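> Input: one structure, supplied below.
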Amino acid sequence: MVLIEIRWHGRGGQGVVTGSNLLARASIIEGNYAQHFPEFGPERAGAPVRSYTRISDEPIDIHCGIYEPDIVVIIDPVMSKTPEDYAYGLKKGGDLVLNLSPDNSEKVAKWARENGYRLHVVDARKISLEETGGREIYNVPMLSALLRVKKLASLETLEKVLAERFSGKVLEMNLKLSRRCYEEVKTIVG
Amino acid sequence: MARQAQERIAIMGDEAIALAVKQSNVDVIAAYPITPQTIIVERLSEYVANGELDAAFIQAESEHSALSICVGASLAGARVFTSTASQGLALMHEIVYATSSMRVPMVMAIANRSLNAPLNIHCEHGDVMPERDSGWVHLFATNVQEAYDLTFIAFKLSEHPDVQLPVSVNLDAFILTHSVEPLTPISDEDASKFLPPRQPLYSIDFDSPATFGTMALPDTYMEFKYQLKEAAEKAGQVYPEVAGEYARISGRRYWYFNSYMADDADAVVLVLGSTYGTLKVAARRLREGGLKVGVVGLTMFRPFPEKQLVELLKNAKSLIVMDRAYSYGGLGGPLYMEVLAMLYRNGLRIPVMNVVYGLGGRDFRLDEAEAVLKIALDGARRGRFDEHVRWWGVRA
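Residue numbers (our numbering), protein chains in the order written: chain A, 243 to 432; chain B, 1309 to 1704.
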């Protein structure tokens, strides 16, 4: 049995919980087993938020938090600048997926190398600002980047899941952003 | 036999219950629509609003009223559902007892949460335990699929002519209510076959007037309550028949409990709710190392499946009972006390310890599950435990 545990970080209002939720849905659609669960606390816009996903090829019985994830995804661009604050418990050889410009990732790459983490970055902030005329949408774009680098589900499946969840302009925007992030995500430390 | 495999969908625990309720063709849903209410009734209100479910959705001004509305609707012959949690259930308390004592069939989902104070919205079984002695049938789900399946079984059991009692389906708040998991639903067609429109045994009928919720003075009150006791026990007897019928349409067989390698285990851990899965994973690891541990997750807490549990546990050398609730000033948690009594009156003299865990939503991790199983094994080896009750991980 292969069990992949993922922890998501971001801020209240950025859709961290939705990102994790959509990943579980995409994974289940592809025939895998998955579990998504958010962490609930006082909910305030801007406060740090965590969410969790488990993916496996066998039924998942476990029902507790994730403390030693295989993957950490940070969807907030400011938090992505200091991944050392959020990578706690990340397994050696684990993957970090950050909302960061590849051109601006030297310091983080050095830290990732020293700690034995793989590092993947995509400038979802810039892409979102460009594509949406000033809006900052990070969850679906970062999910799309994650799918690309870890091959957890296909872009096609993601698009199917998005179409179930969103419609009209919101869907269109999310599709556009996820396609670009899927293309532009870069593995800096492999 | 299992029918053709159906497609797995991804769904949240709350949504899974709402889907099951929709497929159960309920007639009336009454609920108090704000905290501590769940997404269950939110989805149901959407189903009703968009015409997918032909039912009356009634917003009440409190949980006390919500349950009262359900009682009236059920007495009028309707198939009825409500859901609540924590403080909401506490506010229903008076009517909870009226519902079972008037022998009113209905199903209530309880998203198990702690009771104030301190203010806390997280998972605990402390909300349902005050309803333990009410005469309701209490079922506990260990995952989203079970929460869905048990909802159908609950309706059937509730309306069974020999039972005629309300049934609660308990699912751990957040851990199950807000988790997305895979679900294999049954078809609408199978659901309708399993739950055809309700045929009430007794209902309000102006041509044939009857009294419901009558006054009973000392000369008759005990007879009413004796009938309640008999009905509650009967629910346990007809449960396998109902669960068996559900197995025929779903391919999923439910029993009084889930158990993992408990038959030949030296040390067994018994629990309610979603922690069963975590303990099962821990037990699987320990079994790989040759350690004879087993886990039991009770599906039916009321009526208490004494005979079946005794049969299962008769060869165990030690037992840890885990409670996500406590009886303050009592001997321990409610499940522990029940099991102690059961073992004593069946002549099973094995060491038993109570682990009280996860109050107010405190996480119970996989490594902690392993640790509890090892303590249980140690108790089996030594033939005793050093303490009766341990508040797991508490800072004293």
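Virtual Cβ for every residue (Gly too), placed ideally from N, Cα, C.
Just so you know, these numbers come straight off a predicted model, no measurement behind them.
Could you check whether A1679/B and V1601/B sit closer than 9 Å to each other, using their CB atoms as the reference points?
Residue numbering aside, residue 1601/B sits at position 293 when the second sequence is read from its first letter. Residue numbering aside, residue 1679/B sits at position 371 when the second sequence is read from its first letter. Against a cut-off of 9 Å, the Cβ pair of A1679/B and V1601/B comes out as no contact.
> Cutting at 7 Å between CB atoms, please list the residues of its own chain near I1377/B, excluding the five before and the five after it.
Taking the first residue of the second sequence as position 1, residue 1377/B is located at position 69. Closer than 7 Å at Cβ, skipping near neighbours: A1338, I1366 and A1368.
> Name the residue from S1353/B, L1352/B, E1402/B and N1358/B whose alpha carbon lies nearest to the alpha carbon of L1375/B.
Within the second sequence, the letter at position 67 stands for residue 1375/B. Looking at the Cα atoms, E1402/B is the closest of the given residues.
> What residues from the region 1554-1571 of chain B come within 8 Å of chain A, judged by C-beta to C-beta, listed N to C?
The residues in question: there are none.
> Given a cut-off of 9 Å, decide if L1503/B and N1333/B are closer than it, judged by their beta-carbon atoms.
Translated into positions along the second sequence, residue 1333/B becomes position 25. Translated into positions along the second sequence, residue 1503/B becomes position 195. Result yes, Cβ atoms of N1333/B and L1503/B sit closer than 9 Å.
> List, in order along the chain, the chain A residues whose C-beta lies closer than 7 Å to that of S1487/B?
Against the second sequence, residue 1487/B aligns to sequence position 179. The answer, in chain order, is Q277, H278 and F279.
> Determine, using beta-carbon pairs with one atom in the region 1411-1426 of chain B and one in the region 1582-1601 of chain B, whether at least three such pairs fall under 8 Å.
Judged by Cβ distances under 8 Å, the region 1411-1426 of chain B makes no contact with the region 1582-1601 of chain B, as fewer than three pairs qualify.
> Buried or exposed for D1631/B, please, with buried defined as at least 16 other CB atoms from any protein chain shown within 10 angstroms of its CB.
Counting from one through the second sequence, the residue named residue 1631/B turns up at place 323. Buried, because 16 or more other Cβ atoms sit within 10 Å of the Cβ of D1631/B.
> Look at the alpha carbon of M1309/B and the alpha carbon of Q1616/B, and state the distance between them as a whole number of angstroms.
Here residue 1309/B corresponds to residue number 1 of the second sequence, with the count starting at 1. Here residue 1616/B corresponds to residue number 308 of the second sequence, with the count starting at 1. Any reading at M1309/B is ruled out, since the residue's pLDDT is 35, under 50, leaving its predicted position unreliable.
> L1491/B bridges to which residues according to DSSP?
Counting from 1 along the second sequence, the entry for residue 1491/B is found at position 183. Answer by DSSP bridge pairing, in chain order: I1317/B.
> Check for me: the alpha helix (DSSP H) holding E247/A runs from which residue to which?
Here the question's residue 247/A lines up with position 5 in the first sequence. Taken as a continuous stretch (DSSP letters only), E247/A belongs to no alpha helix (DSSP H), being part of the beta strand (DSSP E) at L245 to R253.
> Does the separation of the CB atoms of S1391/B and Q1453/B fall below 9 Å?
One-based indexing of the second sequence puts residue 1391/B at position 83. One-based indexing of the second sequence puts residue 1453/B at position 145. Cβ atoms of S1391/B and Q1453/B: not closer than 9 Å.
> For G1552/B, does the count of other Cβ atoms within 10 angstroms reach 16, so buried, or fall short, so exposed?
One-based indexing of the second sequence puts residue 1552/B at position 244. Flag for G1552/B reads exposed.
> Quick check: what's the CA-CA separation for D1362/B versus M1645/B?
Residue 1362/B sits at position 54 when you count from the first residue of the second sequence. Residue 1645/B sits at position 337 when you count from the first residue of the second sequence. In a straight line, the C-alpha of D1362/B is about 44 Å away from that of M1645/B.
> Output the boundary residues of the alpha helix (DSSP H) element that contains T429/A.
As a first step, residue 429/A must be located in the first sequence, where it is residue number 187. Taken as a continuous stretch (DSSP letters only), T429/A belongs to no alpha helix (DSSP H), being part of the beta strand (DSSP E) at K428 to V431.
> Are E1581/B and F1448/B close, meaning C-beta to C-beta below 9 Å?
Position 273 of the second sequence holds residue 1581/B. Position 140 of the second sequence holds residue 1448/B. In the sequence as presented, Glu is not what sits at residue 1581/B; that position holds Gly. It is a contact, given that the beta carbons lie within the stated cut-off.
> Along the region 1596-1619 of chain B, where does the CB come closer than 9 Å to a CB of chain A? Name the residues.
Listed by position, the residues of the region 1596-1619 of chain B near chain A (Cβ gap below 9 Å) amount to none.
> Across the region 1436-1450 of chain B and the region 1504-1523 of chain B, are there enough close Cβ pairs to call them in contact, namely three or more that are closer than 8 Å?
The region 1436-1450 of chain B, when compared against the region 1504-1523 of chain B, does not touch it at the 8 Å Cβ threshold.
> Distance, Cα to Cα, E406/A vs A1406/B?
To locate residue 406/A, count along the first sequence from 1; it is residue 164. To locate residue 1406/B, count along the second sequence from 1; it is residue 98. One C-alpha to the other measures close to 43 Å.
> Beta-carbon within less than 7 Å of L1674/B's beta-carbon, same chain only, minus the 5 sequence neighbours each way: which residues are those?
Position 366 of the second sequence, counted from the first residue, corresponds to residue 1674/B. Correct list, in chain order: T1586, V1589 and A1590.
> Which residues of chain B have a Cβ atom closer than 9 Å to the Cβ of N263/A, listed in chain order?
Counting from 1 along the first sequence, the entry for residue 263/A is found at position 21. Residues of chain B passing the Cβ test: A1318, M1320 and V1488.
> Which first and last residues belong to the alpha helix (DSSP H) in which I369/A is found?
The residue labelled residue 369/A in the question sits at position 127 within the first sequence. I369/A -> alpha helix (DSSP H) spans A366 to T374.
> Which stretch, first to last residue, makes up the beta strand (DSSP E) that contains H278/A?
By 1-based counting over the first sequence, the position of residue 278/A is 36. Element bounds for H278/A: Y275 to P280.
> Going by DSSP, what residue range makes up the beta strand (DSSP E) through S1466/B?
Along the second sequence, one-based indexing puts residue 1466/B at 158. It is not in any beta strand (DSSP E) - S1466/B instead sits in the alpha helix (DSSP H) that spans V1452 to E1467.
> Run through DSSP, which three-state label would A1417/B get?
Here the question's residue 1417/B lines up with position 109 in the second sequence. Reduced to three states, the DSSP call for A1417/B is strand.
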